[in-house]
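Before any comments, here is the structure.
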Amino acid sequence: MKDCCGPGYSSPQEAIEAPREKLLYTIAIYTGTGIQKPDYLATVDVDPDSPTYSQVIHRLEMPGIGDELHHMGWNACSSCHDDSSMSRKYLILPGVRSNNLHIVDTATDPRAPRLHKVIEGAEIKAKADLSGPHTVHCLGSEIIISFLGNAKGEAPGGYLQLDKDFNIIGRWENSMGDIKFGYDFWYQPRHNIMVSSEWAAPNTFMPGFDLEEVGYLKYGRELHFWDFEKKVPVESFYLGEDGLLPLEVKFHHNPDSTHGFCGAALSTNVIHWWKNEEGKWQWEKIIDVENEIHPEWPIPLPGVMSAILISMDDKYLYLNNWLHGDMRQYDISDPHNPKLTGQVFMGGLLGKAPQVNGVDVAGGPQMFQLSLDGKRLYVTTSLFSTWDNQFYPDIRTKGGVMVQIDCDPVNGGMKINPDFIVDFGQEPNGPSRCHEARYPGGDCTSDIWL
Amino acid sequence: MTEYRVTLSNRDGAAYMVNGRRPLLEQLRDQGVDLPYGCEYGGCITCAAKLVEGHVDQRRQVALNNRQIENGYVILCVARAVTDITLEIGVESHDKLYRNPFLDPLKPHELKADIATPEDV
Numbered sequence: 004m005k006d007c008c009g010p011g012y013s014s015p016q017e018a019i020e021a022p023r024e025k026l027l028y029t030i031a032i033y034t035g036t037g038i039q040k041p042d043y044l045a046t047v048d049v050d051p052d053s054p055t056y057s058q059v060i061h062r063l064e065m066p067g068i069g070d071e072l073h074h075m076g077w078n079a080c081s082s083c084h085d086d087s088s089m090s091r092k093y094l095i096l097p098g099v100r101s102n103n104l105h106i107v108d109t110a111t112d113p114r115a116p117r118l119h120k121v122i123e124g125a126e127i128k129a130k131a132d133l134s135g136p137h138t139v140h141c142l143g144s145e146i147i148i149s150f151l152g153n154a155k156g157e158a159p160g161g162y163l164q165l166d167k168d169f170n171i172i173g174r175w176e177n178s179m180g181d182i183k184f185g186y187d188f189w190y191q192p193r194h195n196i197m198v199s200s201e202w203a204a205p206n207t208f209m210p211g212f213d214l215e216e217v218g219y220l221k222y223g224r225e226l227h228f229w230d231f232e233k234k235v236p237v238e239s240f241y242l243g244e245d246g247l248l249p250l251e252v253k254f255h256h257n258p259d260s261t262h263g264f265c266g267a268a269l270s271t272n273v274i275h276w277w278k279n280e281e282g283k284w285q286w287e288k289i290i291d292v293e294n295e296i297h298p299e300w301p302i303p304l305p306g307v308m309s310a311i312l313i314s315m316d317d318k319y320l321y322l323n324n325w326l327h328g329d330m331r332q333y334d335i336s337d338p339h340n341p342k343l344t345g346q347v348f349m350g351g352l353l354g355k356a357p358q359v360n361g362v363d364v365a366g367g368p369q370m371f372q373l374s375l376d377g378k379r380l381y382v383t384t385s386l387f388s389t390w391d392n393q394f395y396p397d398i399r400t401k402g403g404v405m406v407q408i409d410c411d412p413v414n415g416g417m418k419i420n421p422d423f424i425v426d427f428g429q430e431p432n433g434p435s436r437c438h439e440a441r442y443p444g445g446d447c448t449s450d451i452w453l
Numbered sequence: 111m112t113e114y115r116v117t118l119s120n121r122d123g124a125a126y127m128v129n130g131r132r133p134l135l136e137q138l139r140d141q142g143v144d145l146p147y148g149c150e151y152g153g154c155i156t157c158a159a160k161l162v163e164g165h166v167d168q169r170r171q172v173a174l175n176n177r178q179i180e181n182g183y184v185i186l187c188v189a190r191a192v193t194d195i196t197l198e199i200g201v202e203s204h205d206k207l208y209r210n211p212f213l214d215p216l217k218p219h220e221l222k223a224d225i226a227t228p229e230d231v
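So, in structure tokens, the structure goes:
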């Protein structure tokens with residue numbers, strides 16, 4: 004990092020040229036597994052020249068049980084690159100069920116992160132009437148976090164704003180408008196736009212997935228476009244049957260681009276949006292993963308696309324099919340016409356890859372993080388404790404795994420790396436489940452440029 | 111104050127006395143029973159246990175569907191004893207709590223209370 008500057012990189016291109024990642028952080032849960040231990044942040048050695056390569060080298064336990072750690076976010080990213088007083092030092096780990104926000108110092112000793120502060124769930128409920136935290140983005144020197152419910156777990160929730168010292172400022176948004184549900188969000192400041200998506204109320208998704216509740220409109224099917232400076236939603240797109248459970252939202256990393264993408268998990272489609280020449284936001288479905296026939300299922304099996312990711316050069320979109328068991332790579336150089344360029348199986352219900360590198364995979368590809376240079380994709384297998392327990396009951400005894408997929412960022416293509424696998428079924432306190440991953444130097448799901 | 115006896119059938123019949131005012135989770139944990147929990151307001155099923163005998167008041171729970179209730183599940187973080195009860199606790203009691211929603215759909219009367227329709231008689 005240059006002496007003159009704050010965290011991150013001056014541009015996506017500079018990020019691509021950054022040194023290779025040597026450590027990776029992933030959360031691992033015991034909540035809902037039957038093991039009475041706290042969830043934890045695992046440090047994984049991803050340096051092939053290290054004697055502990057492909058192993059968990061440190062575990063930071065949370066203070067109590069029952070958090071259900073899930074997604075994470077940095078206190079600062081490239082949006083603070085011009086602010087030399089800021090640094091990418093703290094990782095924020097929300098507990099979806101407990102409502103606690105854990106602030107973890109990863110800079111003092113990157114191999115052994117330490118707990119810096121806990122913002123108690125009860126304080127957030129009292130001061131901001133929010134529960135069910137999900138996505139964390141830094142916002143210049145401040146932080147906003149989407150919460151999916153109010154203090155009673157009812158939708159739509161809202162956004163909590165923290166200052167750089169992790170004090171609660173209050174609600175970020177000025178209005179939730181007619182938004183019914185919350186989930187993920189991403190912003191593109193040069194276009195004064197934020198896009199948010201919809202899962203469900205905490206009281207709906209936390210206990211597990213009742214398919215019938217989709218028909219009762221308990222799950223989302225809309226995308227929301229916000230005036231980012233005014234902090235109000237200004238336009239919503241009803242996606243209908245093409246957009247059931249629109250979850251992960253990603254804009255291009257190029258700050259001038261208006262193109263963005265969302266994976267609709269249950270419909271198993273990718274939705275693409277952009278601003279047209281008349282300045283109007285448009286959307287279209289660009290990828291539709293067909294349901295698959297399962298020999299023992301009375302109805303075809305949907306893929307369940309719970310995550311998407313855009314490479315730092317904006318050339319490739321990666322997606323998962325958690326129930327089918329495949330990871331896919333699409334060339335989105337023309338975002339209207341994606342081309343399938345890679346596919347690998349790891350686990351899943353179709354039985355196409357029950358083992359990876361000698362380890363049983365109970366679950367399917369779920370969360371993933373791509374290296375800044377676009378060559379290494381780290382993939383984990385657990386979705387959410389209660390949903391895992393419904394679809395993949397064996398994960399209770401086998402735990403989650405982390406797999407590395409080698410990706411070709413020039414010609415396309417992906418294959419499983421034979422030398423890397425982290426089996427969370429072998430953890431010291433018993434089988435745990437890994438989910439989202441982050442690199443100390445920034446990653447493809449954090450950095451936004453002003 | 112009226113006290114009730116809570117017997118844990120899968121902990122060698124260990125018994126604890128509780129009152130009817132405070133949730134079972136809090137009172138059992140205070141007496142050293144190691145129980146799972148998550149949200150602590152009745153919105154998630156991490157703390158679910160199976161009620162084998164007796165009755166509880168769990169009007170504050172919003173997590174269970176009617177099939178889970180029919181199968182005896184109670185949400186310990188909000189449930190209060192109204193009689194002596196026998197519970198099966200922990201994930202060993204969760205055999206009927208989770209089901210594959212595609213393979214084993216709910217009937218209209220088995221949905222959560224706010225959307226369930228009465229069973230045809």
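Going down the list, the sequences are from chains A and B.
Going by this note's numbering, the letters in the first sequence line up with residues 4 to 453, in that order.
Going by this note's numbering, the letters in the second sequence line up with residues 111 to 231, in that order.
Every residue, glycine too, gets a C-beta built ideally from N, C-alpha and C.
Item                                                                                                                                                                                                    : Value
What residue from A:THR36, A:ALA356, A:LEU214 and A:ILE32 has the CA that sits closest to LYS217 (chain B)'s CA?                                                                                        : A:LEU214
Using Cβ-Cβ distances below 7 Å, what residues of the region 178-195 of chain B are close to chain A?                                                                                                   : none
Counting contacts by CB-CB distance shorter than 8 Å, is ILE199 (chain B) in contact with chain A?                                                                                                      : no
In terms of residue numbering, what span does the alpha helix (DSSP H) encompassing ASN272 (chain A) cover?                                                                                             : Segment 272-278 is the beta strand (DSSP E) holding ASN272 (chain A); no alpha helix (DSSP H) there.
So which residues on chain A does LEU216 (chain B) lean against when the C-beta distance must stay under 7 Å?                                                                                           : ASP213 and GLU215
Could you please give me the residues that DSSP links to THR29 (chain A) through a beta bridge?                                                                                                         : A:ALA45 and A:ALA440
Using DSSP with H/G/I as helix, E/B as strand and the rest coil, what is ASN175 (chain B)?                                                                                                              : coil
Using 8 Å as the Cβ pair cut-off and three pairs as the minimum, do the region 344-356 of chain A and the region 312-330 of chain A touch?                                                              : yes
Scan the region 343-386 of chain A and note each continuous beta strand (DSSP E) run of 3 residues or more that stays entirely inside, going in chain order.                                            : 371-373 and 379-383
Within 8 Å of any Cβ in chain B, is that where the Cβ of THR271 (chain A) sits?                                                                                                                         : no
List the endpoints of the continuous alpha helix (DSSP H) containing ASN206 (chain A).                                                                                                                  : 205-208
For the region 214-274 of chain A, list the alpha helix (DSSP H) runs that are entirely contained and at least 4 residues long, ordered along the chain.                                                : 215-218
For ARG100 (chain A), return the contacting residues in chain B, with the cut-off set at a CB-CB distance below 8 Å.                                                                                    : GLY148, CYS149, CYS154 and THR156
Starting from the C-beta of ASP86 (chain A), find all residues in its chain whose C-beta is less than 6 Å away, skip the five residues before and the five after it, and write them out in chain order. : GLY9
Quick one: what's got a C-beta closer than 7 Å to THR448 (chain A)'s C-beta in the same chain, skipping five residues either side?                                                                      : LEU312 and GLN372
Of all the CB atoms in chain B, is at least one closer than 8 Å to the CB of GLU287 (chain A)?                                                                                                          : no
With DSSP collapsed to three states, give me the class of ALA191 (chain B).                                                                                                                             : strand
Taking 8 Å as the threshold (beta carbon to beta carbon), is TYR126 (chain B) in contact with chain A?                                                                                                  : no
Starting from THR99 (chain B), follow its DSSP beta bridges and name the residues at the other end.                                                                                                     : Past the boundaries of the shown model lies residue 99 (chain B); chain B is included only from 111 to 231, so the question cannot be answered.
According to DSSP, what are the bridge partners of ARG331 (chain A)?                                                                                                                                    : A:LEU322 and A:GLN346
What residues of chain A sit near ASP144 (chain B), judged by a beta carbon separation below 8 Å?                                                                                                       : GLN39
Cα separation between LYS342 (chain A) and TYR186 (chain A)?                                                                                                                                            : 28 Å
Would you give the residue range spanned by the beta strand (DSSP E) that ARG100 (chain A) belongs to?                                                                                                  : Element bounds for ARG100 (chain A): n/a, residue is neither H nor E.
Given a cut-off of 8 Å on the beta-carbon distance, is the pair PHE228 (chain A) and VAL237 (chain A) in contact?                                                                                       : yes
So for VAL125 (chain A), helix, strand or coil by DSSP?                                                                                                                                                 : Strictly speaking, residue 125 (chain A) in this sequence is Ala, with Val absent from that position. Residue state, collapsed to three classes: helix.
What is the DSSP secondary structure of LYS5 (chain A), counted as helix, strand or coil?                                                                                                               : Low confidence applies to LYS5 (chain A): its pLDDT is 48, below 50, so where it sits in the model is not reliable enough to give any reading.
For ARG209 (chain B), decide whether its Cβ has a neighbour in chain A, counting only Cβ atoms nearer than 8 Å.                                                                                         : yes
Just tell me which of A:GLN39, A:ARG193 and A:PRO97 has its CA closest to the CA of ASN201 (chain B).                                                                                                   : Going by the sequence as given, residue 201 (chain B) is Val instead of Asn. Taking only the C-alpha atoms, the option nearest VAL201 (chain B) is A:GLN39.
For ASN175 (chain B), return the contacting residues in chain A, with the cut-off set at a CB-CB distance below 7 Å.                                                                                    : ASP213
Quick one: list the residues of chain A neighbouring VAL162 (chain B), beta-carbon separation under 7 Å, in chain order.                                                                                : The contacting residues do not exist; VAL162 (chain B) stays about 19 Å from chain A at best.
Should ARG114 (chain A) go down as buried or exposed, given a rule of 16 or more other Cβ atoms within 10 Å for buried?                                                                                 : exposed
Assuming ASP391 (chain A) contacts GLY366 (chain A) under a Cβ cut-off of 8 Å, what Cβ separation, rounded to an integer in Å, is found between them?                                                   : 7 Å
Within 10 angstroms of its Cβ, does VAL235 (chain A) collect 16 or more other Cβ (buried), or is it exposed?                                                                                            : exposed
If we define contact as Cβ-Cβ less than 8 Å, is VAL172 (chain B) a contact residue for chain A?                                                                                                         : yes
Put GLY18 (chain A) into one of helix, strand or coil per three-state DSSP.                                                                                                                             : Going by the sequence as given, residue 18 (chain A) is Ala instead of Gly. Helix.
Kindly list the residues whose CB is nearer than 6 Å to the CB of GLY164 (chain B), restricted to its own chain and excluding five residues on each side of it in sequence; keep chain order.           : THR193, ASP194 and ILE195
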